[in-house]
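*Asks:*
There are 2 protein chains.
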Amino acid sequence: MNDKDNIAKSESTEQKIKEAARRVFTSKGYAGTRTRDIAEESGYNLALINYYFRSKEKLFEIIMMENLQLFIGSIIGMLNNEATSLDEKIDQLVTYYVDMLMVNPGIPVFILNLVNNNPSALFEGVLGGNTVSDTVFATQFKEQMKKKKLTIHPLHLFMNIVSLTVFPFASAPMIKAKNGISDEEYNQLMLERKILIPKWIKVMMDM
Amino acid sequence: MNDKDNIAKSESTEQKIKEAARRVFTSKGYAGTRTRDIAEESGYNLALINYYFRSKEKLFEIIMMENLQLFIGSIIGMLNNEATSLDEKIDQLVTYYVDMLMVNPGIPVFILNLVNNNPSALFEGVLGGNTVSDTVFATQFKEQMKKKKLTIHPLHLFMNIVSLTVFPFASAPMIKAKNGISDEEYNQLMLERKILIPKWIKVMMDM
DNA sequence: GTCTATACAAAGATAGAC
DNA sequence: GTCTATCTTTGTATAGAC
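Chain order of the listed sequences is A and B. Each residue of the first sequence is one higher than the one before, starting from 1 at the first, in this note's numbering. Each residue of the second sequence is one higher than the one before, starting from 1001 at the first, in this note's numbering.
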């Protein structure tokens, strides 16, 4: 076994533990996760977690940052893109969230938990100082409202887009259980929404 | 001290512990709550929790049922009311949720956690067998869609109402922190939404 | 009914062998 | 790098005094 194999094996183990941690933390949250769960899920021993990541808390921080990036970090660029119209931004946001959440359905609840249990200072670091009101997105919306002689806070538009797109994923287990809907049928509904939500948003904000 | 005083005092203590438990469980979830937190929050000793409620789990079940009732149980009647129109039902749902969530902002995240960590069997008991598709609400919506020659699943309407109303409360800490908005300003936005959401819903479903 | 003290179980972290 | 065994901390439940 040479150096290359050693490194490859080492990275693989670390990566496998991290992926296992991502799955468990994302579905059970910090307090609900036992390091023993992560060990079992990864197929490795409990002690390896400490060997690679020093502590449960340190490992959680890594997963948390990745999930925050996925949920919030990725959309900052879209909101501030000078080259796209407001309508295009709406399409992009909805598409991004639906596609991302179909692969990572646990993210919304994970983030909501985080946000409800942690000091707000947490977000300063991840997101920079960008407030929604300062984005190109908000400016474009305000211009459109001006033309129509309406005054609606840009946050309403933003909340509407995210609410309509993300909440159905967060509440999926409840909706499925309560309505006897299969995973496939639910996915189908979500794909319909990917088309419908941008249309809805446009007529809503046109009133 | 007579019997009446004894009973009054006893109920009061039990009630205080339950209220403390409600606050702590609702904000931190089951796994995140230590019985010591509840004891401290209530002002009583750790042992009293066991004396009145037997165990952490039993106490949690009580709080869980109350929160589920608040979040889901209360709206079944509205959805199945033959005496109200679809538009009136929409108004009622939005008003109910906004008013209830301004008092209990932690409920949505609590419920979402529950739903993501528990077997779906849990809901059978609380909600009876009512699926959204079987309600008067759904029937009225289908009739309206028929007139307009449209075919949209009634669940979309239901998800839209709940999403637009509930999600902004669930994500409030994030929105506030990220946009430098005070509690008062945020409440103001929510009150605006109480008026706006029914209007939005009506134009959305009219396309 | 309420408290103090403590038993008992679960979970995180680490030492040391291989 | 990986494992087994063990220490330590934290959390739940209960016994017994008042």
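Cβ coordinates follow ideal geometry from the N, Cα and C atoms, glycine included.
Taking the CB atoms as reference points, tell me whether Ala170 (chain A) and Ala1170 (chain B) lie closer together than 9 angstroms.
*Replies:* As a working note, residue 170 (chain A) is residue 170 in the first sequence. As a working note, residue 1170 (chain B) is residue 170 in the second sequence. Yes, the Cβ-Cβ distance between Ala170 (chain A) and Ala1170 (chain B) is below 9 angstroms.
*Asks:* Of the residues B:Glu1011, B:Ile1062 and B:Arg1054, which one's Cα is nearest the Cα of Arg1023 (chain B)?
*Replies:* Counting from one through the second sequence, the residue named residue 1023 (chain B) turns up at place 23. When only C-alpha atoms are compared, the closest one is B:Ile1062.
*Asks:* Between B:Thr1165, B:Asp1183 and B:Ala1031, which lies nearest to Asp1099 (chain B) when the distance is taken from Cα to Cα?
*Replies:* Within the second sequence, numbered from 1, the residue matching residue 1099 (chain B) stands at position 99. Answer by Cα proximity: B:Thr1165.
*Asks:* Classify Lys1149 (chain B) as helix, strand or coil using the three-state DSSP reduction.
*Replies:* As a first step, residue 1149 (chain B) must be located in the second sequence, where it is residue number 149. Lys1149 (chain B) falls in the coil class under three-state DSSP.
*Asks:* Specify the secondary structure class of Asp5 (chain A) as computed by DSSP and reduced to three states.
*Replies:* One-based indexing of the first sequence puts residue 5 (chain A) at position 5. Any reading at Asp5 (chain A) must be qualified, since the residue scores a pLDDT of 43, below 50, and its modelled position is unreliable; the value itself is stated next. Reduced to three states, the DSSP call for Asp5 (chain A) is helix.
*Asks:* From Thr1013 (chain B) to Ile1111 (chain B), what distance separates their C-alpha atoms?
*Replies:* One-based indexing of the second sequence puts residue 1013 (chain B) at position 13. One-based indexing of the second sequence puts residue 1111 (chain B) at position 111. Each residue's Cα considered, the two are about 27 angstroms apart.
*Asks:* In this structure, how does DSSP classify Pro173 (chain A) when only helix, strand and coil are distinguished?
*Replies:* To locate residue 173 (chain A), count along the first sequence from 1; it is residue 173. In the structure shown, Pro173 (chain A) sits in a helix (DSSP, three-state: H, G or I).
*Asks:* Determine the chain A residues that contact Ser1163 (chain B) at a beta-carbon separation under 7 angstroms, and present them in chain order.
*Replies:* Walking along the second sequence from the start, residue 1163 (chain B) turns up at place 163. Result: Ser163, Leu164, Phe167 and Pro168.
*Asks:* Taking the runs of the alpha helix (DSSP H) that are 4 residues or longer, which of them lie wholly in the stretch 34–114 of chain A?
*Replies:* DSSP runs (the alpha helix (DSSP H)) wholly in the stretch 34–114 of chain A: 35–42, 46–53, 56–68, 74–79 and 86–103.
*Asks:* Return the CA-CA distance between Thr35 (chain A) and Asn1160 (chain B), expressed in angstroms with no decimal places.
*Replies:* Residue numbering aside, residue 35 (chain A) sits at position 35 when the first sequence is read from its first letter. Residue numbering aside, residue 1160 (chain B) sits at position 160 when the second sequence is read from its first letter. Roughly 38 angstroms separates the two Cα atoms.
*Asks:* Please report the straight-line C-alpha distance between Lys1202 (chain B) and Asn1104 (chain B), rounded to a whole angstrom.
*Replies:* In the second sequence, counting from the first residue as 1, residue 1202 (chain B) sits at position 202. In the second sequence, counting from the first residue as 1, residue 1104 (chain B) sits at position 104. For Lys1202 (chain B) and Asn1104 (chain B), the distance between alpha carbons rounds to 27 angstroms.
*Asks:* Return the residues of the stretch 176–195 of chain A that lie within a Cβ-Cβ distance of less than 9 angstroms from chain B, sorted by chain order.
*Replies:* Here the close residues are Lys176, Ala177, Lys178, Asn179, Gly180, Ile181, Leu189, Glu192 and Arg193.
*Asks:* Could you give the distance in angstroms between the alpha-carbon of Thr1084 (chain B) and the alpha-carbon of Gly180 (chain A)?
*Replies:* Stepping through the second sequence from its first residue, residue 1084 (chain B) is reached at position 84. Stepping through the first sequence from its first residue, residue 180 (chain A) is reached at position 180. Distance between the alpha carbons of Thr1084 (chain B) and Gly180 (chain A) is about 26 angstroms.
*Asks:* For the alpha helix (DSSP H) containing Ile1181 (chain B), name the first residue and the last one.
*Replies:* To locate residue 1181 (chain B), count along the second sequence from 1; it is residue 181. Careful: Ile1181 (chain B) lies outside any alpha helix (DSSP H) and carries neither H nor E.
*Asks:* Within the 9 angstroms Cβ cut-off, does Asp206 (chain A) reach chain B?
*Replies:* If you number the first sequence from 1, residue 206 (chain A) lands on position 206. At least one chain B Cβ lies under 9 angstroms of Asp206 (chain A).
*Asks:* Could you give the DSSP three-state label for Gly1032 (chain B): helix, strand or coil?
*Replies:* Along the second sequence, one-based indexing puts residue 1032 (chain B) at 32. DSSP places Gly1032 (chain B) in helix when its eight states are reduced to three.
*Asks:* Give me the residue from A:Ile76, A:Ile107, A:Leu86 and A:Val94 with the minimum Cα distance to Met64 (chain A).
*Replies:* Residue 64 (chain A) sits at position 64 when you count from the first residue of the first sequence. Nearest option by C-alpha distance: A:Ile107.
*Asks:* Less than 6 angstroms between C-beta atoms, sequence neighbours within five positions excluded: which residues of the same chain meet that for Asn1118 (chain B)?
*Replies:* For the purposes of this step, residue 1118 (chain B) is identified with residue 118 of the second sequence, where counting begins at 1. Correct list: empty, nothing qualifies.
*Asks:* Look up Asn117 (chain A) in the DSSP assignment and say whether it is helix, strand or coil.
*Replies:* The residue labelled residue 117 (chain A) in the question sits at position 117 within the first sequence. Of the three classes helix, strand and coil, the one that applies to Asn117 (chain A) here is helix, per DSSP.
*Asks:* Is Lys1178 (chain B) closer than 9 angstroms to Thr131 (chain A) when the C-beta atoms are compared?
*Replies:* Residue numbering aside, residue 131 (chain A) sits at position 131 when the first sequence is read from its first letter. Residue numbering aside, residue 1178 (chain B) sits at position 178 when the second sequence is read from its first letter. Their beta carbons are under 9 angstroms apart, which means Thr131 (chain A) touches Lys1178 (chain B) by this criterion.
*Asks:* Considering Cα atoms alone, identify which of B:Ile1017, B:Phe1053, B:Ser1027 and B:Leu1070 is closest to Tyr1044 (chain B).
*Replies:* Counted from its first residue, the second sequence places residue 1044 (chain B) at position 44. Checked all of B:Ile1017, B:Phe1053, B:Ser1027 and B:Leu1070; the closest Cα to Tyr1044 (chain B) is B:Ile1017.
*Asks:* What residues of chain B sit near Thr131 (chain A), judged by a beta carbon separation below 7 angstroms?
*Replies:* For the purposes of this step, residue 131 (chain A) is identified with residue 131 of the first sequence, where counting begins at 1. Here the neighbours are Lys1178, Asn1179 and Gly1180.
*Asks:* Should Ser171 (chain A) be flagged as near chain B, meaning a C-beta pair shorter than 9 angstroms?
*Replies:* As a position in the first sequence, residue 171 (chain A) is number 171, starting the count at 1. Cβ-Cβ to chain B under 9 angstroms: yes for Ser171 (chain A).
*Asks:* Could you name the residues of chain A that Leu1251 (chain B) contacts, counting a contact when the two beta carbons are closer than 7 angstroms?
*Replies:* Only positions 1001 to 1207 of chain B appear in this structure, which leaves residue 1251 (chain B) out of reach.
*Asks:* Using the C-alpha atoms, what's the distance from Ile1090 (chain B) back to Lys1194 (chain B)?
*Replies:* Counting from one through the second sequence, the residue named residue 1194 (chain B) turns up at place 194. Counting from one through the second sequence, the residue named residue 1090 (chain B) turns up at place 90. Computed Cα separation, rounded: 11 angstroms.
*Asks:* Using a Cβ cut-off of 9 angstroms, pull out every chain B residue sitting near Met64 (chain A), in sequence order please.
*Replies:* Within the first sequence, the letter at position 64 stands for residue 64 (chain A). Those within 9 angstroms of Met64 (chain A) in chain B number zero; the least Cβ separation is about 13 angstroms.
*Asks:* For Asn1117 (chain B), return the contacting residues in chain A, with the cut-off set at a CB-CB distance below 8 angstroms.
*Replies:* Locating residue 1117 (chain B) in the second sequence gives position 117, where the first residue counts as 1. Within 8 angstroms Cβ-Cβ: Ser27, Lys28 and Gly32.
*Asks:* In whole angstroms, what is the alpha-carbon distance linking Met1190 (chain B) and Ser42 (chain A)?
*Replies:* Here residue 1190 (chain B) refers to the residue found at position 190 when the second sequence is read from its first residue. Here residue 42 (chain A) refers to the residue found at position 42 when the first sequence is read from its first residue. If I take the Cα positions, the gap works out to 44 angstroms.
*Asks:* Quick check: what's the CA-CA separation for Arg54 (chain A) versus Ala21 (chain A)?
*Replies:* The count along the first sequence starts at 1 and reaches residue 54 (chain A) at position 54. The count along the first sequence starts at 1 and reaches residue 21 (chain A) at position 21. Cα to Cα, Arg54 (chain A) sits roughly 14 angstroms from Ala21 (chain A).
*Asks:* Report the CB separation of Asn113 (chain A) from Asn1113 (chain B) in whole angstroms; it is logged as a contact under 8 angstroms.
*Replies:* Within the first sequence, numbered from 1, the residue matching residue 113 (chain A) stands at position 113. Within the second sequence, numbered from 1, the residue matching residue 1113 (chain B) stands at position 113. Confirmed, Cβ separation roughly 7 angstroms.
*Asks:* For a contact defined as C-beta to C-beta under 9 angstroms, what are the partners of Met159 (chain A) on chain B?
*Replies:* For the purposes of this step, residue 159 (chain A) is taken as residue 159 along the first sequence, with counting starting at 1. In chain order: Leu1164, Phe1167, Pro1168, Ser1171, Ile1175, Leu1189 and Arg1193.
*Asks:* Out of A:Leu59, A:Leu48, A:Trp200 and A:Ile72, state which residue places its alpha-carbon closest to the alpha-carbon of Gly129 (chain A).
*Replies:* Working through the first sequence from its first residue, we reach residue 129 (chain A) at position 129. The shortest C-alpha separation from Gly129 (chain A) is found at A:Ile72.
*Asks:* Which residues in the same chain have their Cβ closer than 6 angstroms to the Cβ of Gly1029 (chain B), if we skip the five residues on either side of it in sequence?
*Replies:* The sequence position of residue 1029 (chain B) within the second sequence is 29, counting from 1. Result list for Gly1029 (chain B): Asn1113, in chain order.
*Asks:* Can you tell me whether DSSP reads Asn187 (chain A) as helix, strand or coil?
*Replies:* As a working note, residue 187 (chain A) is residue 187 in the first sequence. DSSP places Asn187 (chain A) in helix when its eight states are reduced to three.
*Asks:* In angstroms, rounded to a whole number, what distance separates the CA positions of Met1204 (chain B) and Val109 (chain A)?
*Replies:* Counting from 1 along the second sequence, the entry for residue 1204 (chain B) is found at position 204. Counting from 1 along the first sequence, the entry for residue 109 (chain A) is found at position 109. Taking the straight line from one Cα to the other gives about 27 angstroms.
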